[in-house]
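Novice: Next up is a structure, given as structure tokens.
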Amino acid sequence: MNELPDLTIDLPSDREVTLTRSFDAPRELVYAAHTQAEHLKHWWGRGNPLDVEIDFRVGGHYRCVEHAQDGNDYVFRGEYREIVVPERIVQTFEFEGMPGQVAVETLVFTEQDGRTTIASSTRFDTTAQRDGMIDSGMAQGAAESYAALDRYLTTLR
């Protein structure tokens, strides 16, 4: 599809979006940054202040409240369906502002020469839902969040 700085966006099918980004950090650290509230609050939500609740286990849930610069709160939630530490997470994703539109995300973490690549594939129920998510600024928001993660990871090394 296209690229933002450091982020590759692909549309492998009419109901999927794949985002790929690499980080100069070991896989265990990047994985921990995705699975522990004390890390997530520093980067997820584009680096805006964030409240995070997380029960990281299969069948567990997460809920993130982003306190955006526009004065609004944006709430996202989901359930963990599959966990393979530190390689893979399958979870649902739902924006509470659009209830009932639940996507399934698969995050795959691979490491080579101390760099970790995340491939995040999101599958929607319909093409319209996928296109609506793309039109909402999903790629730009992901690019901003991953840039915040990149900055945060440098503080952990």
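Going by UniProt numbering, the first residue of the sequence shown is number 1, and it counts up by one from there.
The C-beta atom is built at its ideal place from N, Cα and C for all residues, glycine as well.
(1) Go ahead and pull the three-state DSSP assignment for S136.
(2) Quick check on this structure: which residue in R115, V65 and R46 has the alpha carbon closest to the alpha carbon of E94?
(3) Have a look at R27 and H34 and give me their C-alpha separation to the nearest angstrom.
(4) Helix, strand or coil, according to DSSP, for T18 in the structure here?
(5) Taking the continuous beta strand (DSSP E) assigned at V104, which residues delimit it?
(6) Taking 8 Å as the limit between beta carbons, can you name the residues of its chain near E144, skipping five residues before and five after?
(7) Whole angstroms is fine: what's the gap from L7's alpha carbon to R157's?
(8) Can you tell me where the alpha helix (DSSP H) holding T117 begins and where it ends?
(9) Examine the ligand FAD and report whether any of its heavy atoms sits within less than 7 Å of the Cβ of R21.
(10) So, using beta-carbon positions, are R115 and D24 closer together than 8 Å?
(11) Could you give the DSSP three-state label for D10: helix, strand or coil?
(12) So the alpha helix (DSSP H) V30 belongs to, where does it begin and stop?
(13) Measuring alpha carbon to alpha carbon, tell me which of P49, F76, G60 and D55 ends up nearest Q69.
(14) Comparing alpha-carbon positions, which option in T106, L19 and P86 lies nearest T92?
(15) Let me confirm a value: V17 is counted as buried when at least 16 other C-beta atoms fall within 10 Å, else exposed. Which label applies?
Specialist: Taking the coordinates as given:
(1) coil
(2) V65
(3) 11 Å
(4) strand
(5) A103 to Q112
(6) R46 and G47
(7) 22 Å
(8) Careful: T117 lies outside any alpha helix (DSSP H), inside the beta strand (DSSP E) at R115 to R123.
(9) Judged by which ligands are present, the structure shown has none, so any question about the ligand FAD falls away.
(10) yes
(11) strand
(12) R27 to T35
(13) P49
(14) T106
(15) buried
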